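For reference, the structure discussed in these notes is given below.
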Amino acid sequence: KAGVTQTPRYLIKTRGQQVTLSCSPISGHRSVSWYQQTPGQGLQFLFEYFSETQRNKGNFPGRFSGRQFSNSRSEMNVSTLELGDSALYLCASSPGESSYNEQFFGPGTRLTVL
Amino acid sequence: DAKTTQPTSMDCAEGRAANLPCNHSTISGNEYVYWYRQIHSQGPQYIIHGLKNNETNEMASLIITEDRKSSTLILPHATLRDTAVYYCIVRVTDKLIFGTGTRLQVFP
Chain A
181 KAGVTQTPRY LIKTRGQQVT LSCSPISGHR SVSWYQQTPG QGLQFLFEYF SETQRNKGNF
241 PGRFSGRQFS NSRSEMNVST LELGDSALYL CASSPGESSY NEQFFGPGTR LTVL
Chain B
36 DAKTTQPTSM DCAEGRAANL PCNHSTISGN EYVYWYRQIH SQGPQYIIHG LKNNETNEMA
96 SLIITEDRKS STLILPHATL RDTAVYYCIV RVTDKLIFGT GTRLQVFP
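Chains A and B, in that order, give the protein sequences. Just so we're aligned: the first sequence equals residues 181 to 294 in the working numbering. Just so we're aligned: the second sequence equals residues 36 to 143 in the working numbering.
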């Protein structure tokens, strides 16, 4: 099985712009979670989608949003970018039926905001 | 906030067992202990998880104390490729709350 794929792998934006990141889960997986990783804050949970519905949400401002499509692919969007949004954004997928399914992570998208 | 405490860093000689401790004194009865690791610039990789009993798989063993307030991840024969940051996580549903982890350095 192919693993979790994320596109693009690297991205450079300027303050005030908006960005959309994409995640394709492992085939058959219905749950997709997003995490932000920065040197200062470490790995932080953003949100989780299951069957096109947001099932869980972390403590991030409304500028961070996401969605999931019927094929389980997911996108996250960050509007009005700030310098502090520079981070590695990680996507993880799991089968989703159980809350305790193992999560498989993608390689991440490294976003740099100038 | 993370519900686990881990040492910041540890060293281990190649071929020896690496024992990584984790304290989770406020764990609830239905919360699982998960271990992930992250090799530099890659996404975290699942290692093992457990609730009460000790667990073993092809990668590692997980020893959970009887009171469940602490656990130890054991890599039986560490290799250079095991150099990574190891995260001990007390899992609440689908949300993984990562702490700062232990940076394990395996040396020749």
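Ideal Cβ placement from N, Cα and C applies to all residues, glycine included. Note that the structure is predicted; figures quoted are calculated from it, not measured.
For A:Phe285, same chain residues with a beta-carbon under 6 Å away, outside a window of 5 residues either side, are Leu270 and Ala272 in chain order.
Put simply, the backbone Cα of B:Ala53 is about 27 Å away from that of A:Gln221. Residue pairing for B:Asp117: DSSP places it in no beta bridge. About 15 Å separates the Cβ atoms of B:Ile74 and B:Ala95, ruling out a contact at the 8 Å cut-off. In the three-state reduction of the DSSP assignment, B:Asp46 falls in the strand class. A:Gln216 sits close to A:Leu226, with the two beta carbons spaced by under 8 Å. The beta carbon of B:Ser60 is closer than 7 Å to those of Lys104 in its chain, skipping five residues each way along the sequence. Shown here, A:Leu263 sits in a helix according to DSSP, grouped into three states. Within the same chain, and ignoring the five residues on either side of A:Gln197 in sequence, the residues whose Cβ sits closer than 7 Å to its Cβ are Leu261.
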